[in-house]
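Student: The sequence shown begins at 1302 in my numbering and counts up by one.
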Amino acid sequence: MWQQFVLVGELLLGGFLVNFVPYFMQDRTMFLHHYLPGVLFKFMVLAAVIDHVYSVLNYITQHNRLANQVSKFTFVAAVLVWCSAVYHQFHKYCVLNQGTTILTPDHLQKLQWRESWDFVYSL
């Protein structure tokens, strides 16, 4: 189980780094088409990690049926909560790249997490 996880991790993390790291050497602005190949590998690494954690939890609690069911339920619930948080953030920030609504300066200011984020807007 561990060797398979290491092999999958090496392949997918290597693919992510090969596709993502070269763009950090550039001084120009990065756009979505620069990120997409690396993001695919990132999603596959995430799926492999979730699968591995689920398998380890199943292996650790295989002798106690109640603990096995509780750990599986807790893990699945945690993954679902995390996925819903990701969806919420995507839905909140998709207006920036999809232009679905007209953004006011106040709305843009609410979307700004950090002071270093420089949103350009006009009144």
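For glycine and all other residues, C-beta sits at the position ideal for the given N, C-alpha and C.
Return the residue from the list Tyr1355, Phe1321, Arg1329 that minimises the CA-CA distance to Phe1342.
Tutor: Cα-wise, what sits closest to Phe1342 is Phe1321.
Student: Taking 8 angstroms as the threshold (C-beta atoms), are Tyr1394 and Phe1376 in contact?
Tutor: Taking 8 angstroms as the Cβ cut-off, Phe1376 and Tyr1394 do not qualify as a contacting pair.
Student: Ignoring anything shorter than 4 residues, give me the alpha helix (DSSP H) runs that lie fully in the region 1368 to 1416, in order along the chain.
Tutor: You should have 1406 to 1412.
Student: Thinking C-beta only, is Ile1361 closer than 8 angstroms to Val1380?
Tutor: Not a contact, by the Cβ cut-off of 8 angstroms.
Student: Please report the distance separating the alpha-carbon of Gln1305 from that of Val1421.
Tutor: Between Gln1305 and Val1421, the C-alpha separation is close to 47 angstroms.
Student: Is it buried or exposed, Leu1313, if we count other Cβ atoms within 10 angstroms and call 16 or more buried?
Tutor: It counts as buried.
Student: For Val1346, tell me which candidate among His1408, Phe1332, Met1326, Glu1311 has the shortest Cα-Cα distance.
Tutor: Of His1408, Phe1332, Met1326, Glu1311, the residue nearest in Cα terms is Glu1311.
Student: Report the rounded CA-to-CA distance for Leu1333 versus Gly1339, giving the unit in angstroms.
Tutor: Roughly 11 angstroms separates the two Cα atoms.
Student: Might you give, ordered along the chain, the residues of its own chain that have their beta carbon closer than 7 angstroms to the beta carbon of Met1331, omitting 5 neighbours on each side?
Tutor: Counting only Cβ-Cβ distances below 7 angstroms, and skipping sequence neighbours, we find Tyr1324.
Student: Determine the DSSP secondary structure at His1353, reduced to helix, strand or coil.
Tutor: Residue state, collapsed to three classes: helix.
Student: Between the alpha carbons of Trp1303 and Leu1367, how many angstroms are there, rounded?
Tutor: Cα-Cα distance, rounded: 25 angstroms.
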